[in-house]
Amino acid sequence: MFSRRNFILSLLGLSCVAPKAVALTVKDTEYIPISQFAQICGMRYRTTVARKAQTVYSKYSRINFIVNARSINLNGTTVWLGHPIVEYKGMLYLAKRDYFKTIRPIMYPQNNGVPPRLFNIFIDAGHGGKDKGAINKRFGVYEKTLNLDIALRLGKILRASGYNVSYSRTSDKFLDLPDRPAMANKRRADLFLSIHCNAASPSISGIETFALTPRAMPSTTSAKIGKGDYVKYNGHTNDEWNQMLAYYIQRALHTATRSSDRGVKKARFAVLKDTRMPASLIECGFISNDAECRKMMSAEYRQSIARTIANAVMNYHNTLRRLSRKK
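Written out as structure tokens, the structure is:
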């Protein structure tokens, strides 16, 4: 935890910086040195590879930074940044906006604002009906079928744990993308979870979890900021909680499935933009990868995914309760 003084200094880019480290602006993006980031967080830092890699660490946390990378390793989980890490005179630098929108929401949720309530959970099974989603032709498996099964299993577990659960669909039904967040908003949901399976080259596998990309920041698949990145959506009200939720889910799924950790990512998916509650889109694995598809064809494995997501939601809720008691 950091002091009020250091926090204010960090906003101003002032004196909690190592003597030779200075604030930078790269392509209109403000950066702070890793030395300053470490001090703000009450942690230490060390250079592990000269001009290429630095680690910020404490008894409880460790973050690895690599020059030019757009992702970090935060306590064993990959977290994607909006902007790449840069190097100047031997010191690595982190975009200031990534501190506030990517890292701080996870490490210091007490700064995320008033904790939201959590009782009504809306589960969206991606695709459906004429929209089959991804397809594994070898096994004749449709994404829409796996999504629905995992969503229903997840809802059953959450209901048994005392939550009120509703769904975008409970059968093989087509829904337009805008209808999904609209349904969640109408039902005054406190949490939105969109369940998907991925597709890409057959060699790619793994788990990834998405939060809505904050304003003035590129999505994970974009190299730079575009005009559309400045548009404000309903989902931006919950930027910090979105990021924290996605981290809890990604960390839990990666640990439980032992699948490749593709990280907490940022995207402006239609179902995330217009939700008025914290929201995540979860890619439970690659249906295009035969080995991973075989696992997802197993009811036991789908049950494990559902149980893991439910446990992550409950851990997230426990943090909200703890933060509420401190307010």
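The numbering of the sequence shown is my numbering, which starts it at 55 and goes up by one.
Glycine included, each C-beta is placed from N, C-alpha and C at the ideal position.
Nothing here was measured: the structure is a model prediction, and the numbers come from that model.
Considering only C-alpha positions, which residue in the set the options is nearest to residue i?
i	options	result
N201	D152, I117, A353 and V110	A353
E262	V318, I157, E346 and Y114	V318
K191	K227, Y287 and C347	C347
H137	K143, T156 and T131	T156
H371	L245, I341 and E337	L245
A243	N166, G194 and D178	D178
P40	K327, A360, S378 and S314	A question about residue 40 goes unanswered here, because the residues of the chain that appear run from 55 up to 381.
L299	M331, S259, D315 and H250	M331
Q304	G280, T274 and G260	G260
W46	T373, T329, R356 and T274	Residue 46 cannot be examined here, being either before or after the span of the chain that is shown, 55 to 381.
Quick one: is residue i buried, meaning 16 or more other Cβ sit within 10 Å of its Cβ, or exposed?
i	result
A366	buried
D344	exposed
K198	buried
V110	buried
V285	exposed
K380	exposed
D82	exposed
Y3	Past the edges of the chain, shown from 55 to 381, lies residue 3, and the structure says nothing about it.
P232	exposed
A270	exposed
A254	exposed
A104	exposed
T79	exposed
S112	exposed
T131	buried
R171	exposed
Per the DSSP calculation, residue i is bridged to which residue(s)?
i	result
S125	W134
E262	E337
V219	I175
R100	T109
Counting only the same chain and skipping the five closest in sequence on each side, list residues whose C-beta sits under 6 Å from that of residue i.
i	result
V219	I175, G209, L212 and R213
I139	F119, V121, A123 and L146
G67	Low confidence applies to G67: its pLDDT is 43, below 50, so where it sits in the model is not reliable, and the reading given next is rough at best. Cβ within range, chain order: A77.
F323	L335
Y196	K186 and I189
R375	none
E141	R105 and V121
Which same chain residues end up closer than 8 Å to residue i when comparing Cβ atoms and leaving out the 5 residues on each side of it in sequence?
i	result
S358	A310 and T311
A306	T362, I363, N365, A366 and N369
H290	L266, P268 and R269
Q29	Outside the displayed range of the chain (55 to 381) lies residue 29, so it cannot be described from this structure.
Excluding the 5 residues preceding and the 5 following residue i in the sequence, name in chain order all residues of the same chain whose CB lies nearer than 7 Å to its CB.
i	result
L229	G182, S222 and R223
R116	T109 and N129
Y153	I86 and F91
K106	I120 and V121
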